[in-house]
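Asker: Quick one: the structure is below, and I'll ask about it shortly.
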Amino acid sequence: MSGPAGKKVQPIVIKRIKKGGHGHHGGAWKIAYADFVTAMMAFFLLMWLLSSASENTLKGISEYFQQPLKLSLIGGAGVGDATAPVPGGGTDLTRKDGQVNKGITKGKDKKKDVKLQKLKERLEASIMKVPALEALRDQIRLEMTVDGLSIQIVDANRKPLFASGKSTVLSPQMRELMRTIGKLLNDVENPISLSGHTDATPYSGGATGGYSNWELSTERANSSRRELVLGGLAPDKVLRVQGLGPVVPLVKENPNDPMNRRIAIVVLNEEAQARILSGTEVTTSDVESATQSIQNAATVGAAKPALPAEPAPAASKP
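1 is the number of the first residue of the sequence shown in UniProt numbering; add one for each residue after it.
Quick look at the structure:
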């Protein structure tokens, strides 16, 4: 290159250094780390929700993702579960607004649960006020279950519920307790289910057609029903009386425990009534208990000798 006077001019080279990014030590890792922290937070939140959810809630969510269209068509409730936690949909799939689903628990159902809870409290208070029931207080178990209010009166070695080990005649304290309960059960409109239970110690010859724990548990349940009615319970409020023998033990690890000999009364809610009337009243817990008892029956029977045969007790007049 030449200048105005014909002289050569040295070209000026400007070298620009491009900054930024610091090479491989840039800030892109911060985005990846933020995504990781967000994912971990979502994971632990999911774990917390699953651990605090009830079994019915988990079942309803599982059924929703397995059969979403079917659940939408029937109103969003879980299959076979009127209280499932996935209410969506309704019957009209063309509507955008929310719809009232039959599967949602209604206010009056909650009021009925409150009535059962109040009945539980009244029973506890009434039992505590009766001096004659002092010996049975630690043998009475009251709790709210999926079927309603459960009232269980368990046996004990030194405080039996019946006159003798294999009798169907109630002890004086047991008669007074049943009459006290019978009077209070009329405060709610719910019917009751009553069942008798024995331990696993069999009668000699009972398994081959003689008098067995099945007959004993049934007659004890019916004796208890008579005392409830004598105490003031309306006879038509008894929906079911049954003897379950030793197949549903209260103390599963020891089928011969005296506490397995008991009378169980359940003040039934509407769902339990429907199951009984439709013939599907056996619950999962009952099946598990019965299965465990059957598995242990051979071992228990061989470990403990059978009691000597006793004559069947005479049937009591109602």
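We treat Cβ as the ideally placed atom computed from N, Cα and C, and that holds for glycine. Note that the coordinates shown come from a computational prediction; the quantities given were computed from them, not determined experimentally.
1) Please name the residue or residues paired with TYR64 in a DSSP beta bridge.
2) With respect to the alpha helix (DSSP H) encompassing MET144, which residues constitute its N-terminal and C-terminal limits?
3) Buried or exposed, going by whether 16 or more other CB atoms sit within 10 Å of the CB of THR145?
4) Are the segment 249-264 and the segment 150-161 in contact at 8 Å, needing three or more beta carbon pairs?
5) Measuring only the C-alpha atoms, how far is LEU133 from PHE44?
6) Quick one: is ARG220 buried, meaning 16 or more other Cβ sit within 10 Å of its Cβ, or exposed?
7) Does the Cβ of GLY279 have 16 or more other Cβ atoms within 10 Å, making it buried, or fewer, making it exposed?
8) Are at least three pairs of beta-carbons, each pair with one atom in the segment 180-198 and one in the segment 224-243, less than 8 Å apart?
9) Rank GLY196, ASN222 and GLU215 by C-alpha distance to the C-alpha of VAL248 and give the top, closest one.
10) Taking a contact to mean a Cβ-Cβ separation below 9 Å, would you say LEU136 touches GLN152 in this structure?
11) Using beta-carbon positions only, say whether SER235 and ASP199 come within less than 9 Å of one another.
12) Just reading off the beta strand (DSSP E) that ARG262 is part of, what are its end residues?
13) Using only the alpha-carbon positions, how far apart do GLY27 and VAL37 sit?
14) Is SER212 helix, strand or coil when you go by DSSP?
15) Tell me the rounded alpha-carbon separation between ILE140 and SER52.
16) DSSP on SER54, reduced to helix/strand/coil?
17) Thinking C-beta only, is GLU271 closer than 9 Å to GLY243?
18) Assign PRO131 to buried or exposed, taking buried as 16 or more other Cβ atoms, counted over all protein chains shown, within 10 Å of its Cβ.
19) Could you pull out every residue in the same chain whose Cβ sits closer than 6 Å to the Cβ of PRO258, ignoring the five residues on either side in sequence?
20) Given this structure, state the Cα-to-Cα distance separating ARG175 from ARG225, to the nearest angstrom.
21) Could you give the distance in angstroms between the alpha-carbon of THR218 and the alpha-carbon of LEU268?
22) Which class does GLY231 belong to by DSSP, given the choice of helix, strand or coil?
23) Could you tell me which residues DSSP pairs with GLN242 in its beta bridges?
Answerer: Well, looking at it:
1) According to DSSP, which records beta bridges pairwise, TYR64 is partnered with nothing at all.
2) Where MET144 is concerned, there is no enclosing alpha helix (DSSP H), although the beta strand (DSSP E) it sits in stretches over 140-145.
3) exposed
4) yes
5) 51 Å
6) buried
7) exposed
8) yes
9) GLY196
10) no
11) In the sequence under discussion, the amino acid at residue 235 is Pro, which differs from the Ser named in the question. No, Cβ-Cβ distance for PRO235 and ASP199 is not below 9 Å.
12) 262-268
13) 16 Å
14) coil
15) 30 Å
16) coil
17) no
18) exposed
19) ASP155, ALA156 and ASN157
20) 10 Å
21) 20 Å
22) coil
23) SER195
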